[in-house]
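Position in the sequence shown (from 1) plus 968 gives the number in this note's numbering. Don't be surprised by glycine CBs; every beta carbon is placed ideally from N, CA and C. Here the structure is laid out as C-alpha cells; the discussion comes afterwards.
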Amino acid sequence: MSLKGKRILLGVTGSIAAYKSAFLTRLLVKAGAEVQIIMSASAFDFITPLTLATLSKKPVLSKFQKDDSGVWNNHVELGLWADLFLVAPISANTVAKFANGICDNLLSATYLSARCPVMIAPAMDLDMYQHPSVRENLKRLLSFGNQILDAETGELASGLSGQGRMMEPENILEKVEEFFSKTQDFKGKKVQITMGPTQEAIDPVRFISNHSSGKMGYALAEAFLERGADVFVISGPISLKVNKERFHWKDIRSANEMFEAAKALHPKMDISVFAAAVADYAPAKVAKEKIKKNDAELSIHLIKNVDIAYSLGLEKKLNQIHVGFALETENESKNAQSKLKKKNLDIIVLNSMKEAGAGFQLDTNKVHIFHRSGASTQTGISPKNQIASLILDQIKLVPVQV
Ligand code: PMT
C-alpha cells in the first residue's frame, strides 16, 4: 500500500534498537510517507541524527528550540501536523513519561499535544519488559487508546533470550499500512454513539445508576473517527479522561436526556450505536429537597424509562444501521438475539458478566457479535480498542450502503 501524503511523526528514544529506526524510516519514506523525526536526548547515544535526517530528508528535531536560530520547535503544531505518531523504539523511561503526563522534552510534550493516533513499539530487556511498573504503564497507554506494537521474542542485546526486541521494521510498516488502509472506510458517514451510564435522580443529591465507565463506547468513537467517520457522542457522566474536542460531544445525565439527544440526531445518522448502559427505571418523582432518613423504610416508586434503541428502531430507515449491546447474566445468547429482533437492530454485541476480563469498567472485553442475518462471531479477551475495531469490521458486513 502507498503511504503517499501520510504524515508520520517518528519518535526515537534511547535503546539499542534505535538502529532499527533507520531501516524503519527508509521503509516509510519508500512507501511514500512524509516522516518527521523527533529524538530524545538519550537516542543520540545510539544513532546519529545525521543518519536519520538523511533518510527522512528532513532535519531531526530534539529540542524545544532550534539550535542557533532561536526559533521554537512548536510541539503543538507538530502534534497537529501528524496523521500518525509512531514511537519506535520506545524505552521504559519514555513509556513511563507518556503514561504519567511527564513533559520534560520535545518528544513527551508532542505526545501530550498530539491529536492523532499513537503507536508505540517498546524495546527493552526481558525483565524490564515484564516488570509490573512497565506492564502497568503500558496498560495505561492502552487505556488512552494508544496502540502497542508488542515486542518480539528472540535474542536480546543483554545476551538473555525472550520478549523485548523491538518489532522488526517490516512488521511495523505492515501495522502502519493496516492503520492507514482502515482509516478511510467510514469516510463521510455520520455515526452517533450513546455511551456511559445514565443517572436517574432520586433527590438533589442521590441517583440510580450503574457501573458503566464509558470505555467501550469511547473506544468505538475513536475507532470510527480514525476510520474517517463524523462521530456524534452522547455520553452519560463518566470519569474517563477523553478528548471531547475530536468529536461532536453531548453530555447528558438521564435516560430521557439521552433519548432526546439521540432522537434529534437520528434522521441524519448513517449508523447509530447504542453502547450506553441506560437505567431501565427512574423514580416517578424527584424529591425537591434531600430525603431525610426519618423512617425505618423507604420505598421509591420507579417507572420504566424510554427504551432508546427500541424507539429509534421504529424510525430506522433502510439505509441506516443500528448496533446494540447486551449485558446478560443468564441465557446470554438467546436473550441477546431476542433483543436484536425486538429493537430492530442489525447487530447486537453481547458481553458477558461471567467472563473475567469482560464487561464494565475494564480495559479489556470479550464479545459475541450477532448479525440479524443469523451470522455470528466471537472474540477472545482483547483491549477494548481492538474489540471496537473488530465491531467496525463487522458493521462493514451489514448489507446496506455504508
Ligand atoms: O462502559 P464500560 O464500562 O466500558 O462497559 C461497557 C458496557 C458493558 C456498558 C457496554 O459494552 C454494554 O454492554 N452496554 C449496554 C448495556 C445494556 O444496557 O444492555 P441492555 O441489555 O440492558 O440493553 C440492550 C441495548 O438496548 C443496549 O444497546 C442499550 O444501550 C439499549 N437500551 C437499553 C435500555 C434503554 N432504556 N435504552 C436503550 O437504548
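Would you kindly report the start and end of the unbroken beta strand (DSSP E) that includes residue i?
i                  : result
aspartate 1093     : Run containing aspartate 1093: none; DSSP gives neither H nor E here.
serine 1188        : According to the sequence displayed, residue 1188 carries leucine and not serine. Counting along the chain, leucine 1188 falls outside any beta strand (DSSP E), though it belongs to the alpha helix (DSSP H) covering 1183-1194.
glycine 979        : 975-980
leucine 961        : Coverage of the chain is limited to positions 969 through 1370, which leaves residue 961 absent and any answer about it impossible.
arginine 1103      : Segment 1100-1111 is the alpha helix (DSSP H) holding arginine 1103; no beta strand (DSSP E) there.
glutamate 1045     : Segment 1043-1049 is the alpha helix (DSSP H) holding glutamate 1045; no beta strand (DSSP E) there.
aspartate 1171     : 1168-1171
glutamine 1004     : 1002-1007
phenylalanine 1242 : 1239-1242
serine 1344        : 1344-1346
alanine 1356       : That residue, alanine 1356, is in no beta strand (DSSP E); its alpha helix (DSSP H) goes 1352-1363.
isoleucine 1337    : 1335-1339
threonine 1121     : 1120-1123
valine 1055        : 1052-1058
valine 1159        : 1158-1163
serine 1203        : 1198-1203
Buried or exposed for residue i, going by 16 or more other Cβ atoms inside 10 Å?
i                  : result
methionine 969     : exposed
aspartate 1314     : buried
threonine 1162     : buried
lysine 1322        : exposed
valine 1086        : buried
serine 989         : buried
valine 1044        : exposed
proline 1235       : exposed
serine 1267        : exposed
alanine 1264       : exposed
lysine 1260        : exposed
lysine 1183        : buried
arginine 1083      : exposed
asparagine 1353    : buried
glutamine 1152     : exposed
phenylalanine 1066 : buried
Could you give the C-beta distance for residue i and residue j, rounded to a whole number, given that I count them as a contact under 8 Å?
i               : j              : result
glycine 1292    : lysine 1309    : Not a contact, Cβ separation roughly 11 Å.
isoleucine 1140 : leucine 992    : 6 Å
glycine 1130    : alanine 1187   : Not really, about 30 Å apart at Cβ, beyond 8 Å.
alanine 1191    : serine 1357    : 5 Å
valine 997      : lysine 1025    : 7 Å
threonine 1332  : glycine 1325   : 5 Å
methionine 1092 : glycine 1132   : 5 Å
alanine 1009    : isoleucine 976 : That pair is no contact at about 22 Å.
serine 1181     : glutamine 1329 : 5 Å
valine 1335     : threonine 1347 : 5 Å
If we call anything under 8 Å between Cβ atoms a contact, is residue i one with residue j?
i                  : j               : result
alanine 1011       : valine 980      : yes
valine 1241        : threonine 1166  : no
leucine 1318       : serine 1301     : yes
proline 1251       : leucine 1270    : yes
lysine 1150        : aspartate 1238  : no
leucine 1046       : threonine 1078  : yes
alanine 1294       : asparagine 1303 : yes
phenylalanine 1154 : alanine 1197    : yes
serine 1207        : tryptophan 1217 : no
asparagine 1273    : tyrosine 1249   : yes
alanine 1243       : glycine 1185    : yes
valine 1159        : lysine 1258     : no
serine 1320        : glutamate 1296  : yes
methionine 1096    : alanine 1060    : yes
leucine 1074       : leucine 1029    : yes
leucine 1124       : isoleucine 1116 : no
leucine 1094       : valine 1063     : no
For the alpha helix (DSSP H) containing residue i, list its first residue and its last residue.
i                 : result
glutamate 1225    : 1223-1233
asparagine 1303   : 1300-1310
arginine 1083     : Looking at the DSSP string, arginine 1083 is not in any alpha helix (DSSP H), and its letter there is neither H nor E.
alanine 1294      : First-last for alanine 1294: 1289-1296, but that is the beta strand (DSSP E), not the alpha helix (DSSP H).
proline 1251      : Run containing proline 1251: none in the alpha helix (DSSP H); it sits in the beta strand (DSSP E), 1249-1251.
isoleucine 1268   : Neither: isoleucine 1268 is in no alpha helix (DSSP H) and is coded neither H nor E.
arginine 1214     : Taken as a continuous stretch (DSSP letters only), arginine 1214 belongs to no alpha helix (DSSP H), as it is neither H nor E.
phenylalanine 991 : 986-998
Let me make sure I understand the geometry here. Which of the options has the alpha-carbon closest to that of residue i?
i                  : options                            : result
phenylalanine 1147 : Thr1121, Lys1157, Leu1193, Ala1264 : Leu1193
alanine 1050       : Lys1025, Gln1004, Asp1275, Gly1327 : Gln1004
proline 1205       : Ile1220, Val1199, Asp1198, Asn1211 : Ile1220
asparagine 1068    : Pro1100, Glu1104, Leu1029, Leu978  : Glu1104
lysine 1057        : Leu1018, Tyr987, Glu1298           : Looking at the sequence shown, residue 1057 is not lysine but proline. That would be Tyr987, whose Cα lies nearest to the Cα of proline 1057.
glutamate 1136     : Glu1145, Leu1360, Asn1061, Ala1089 : Ala1089
glutamine 1362     : Ile1316, Lys1352, Lys1065, Gln1329 : Ile1316
alanine 1277       : Asn1299, Gly1000, Lys1231          : Lys1231
isoleucine 1359    : Val1368, Thr1345, Ile1176          : Thr1345
leucine 978        : Pro1027, Ile984, Gly1164           : Pro1027
histidine 1339     : Ser1350, Glu1213, Ile1349, Lys1364 : Lys1364
arginine 994       : Phe1200, Asp1013, Glu1138          : Glu1138
phenylalanine 1014 : Ser983, Lys1031, Ala999, Asn1042   : Ser983
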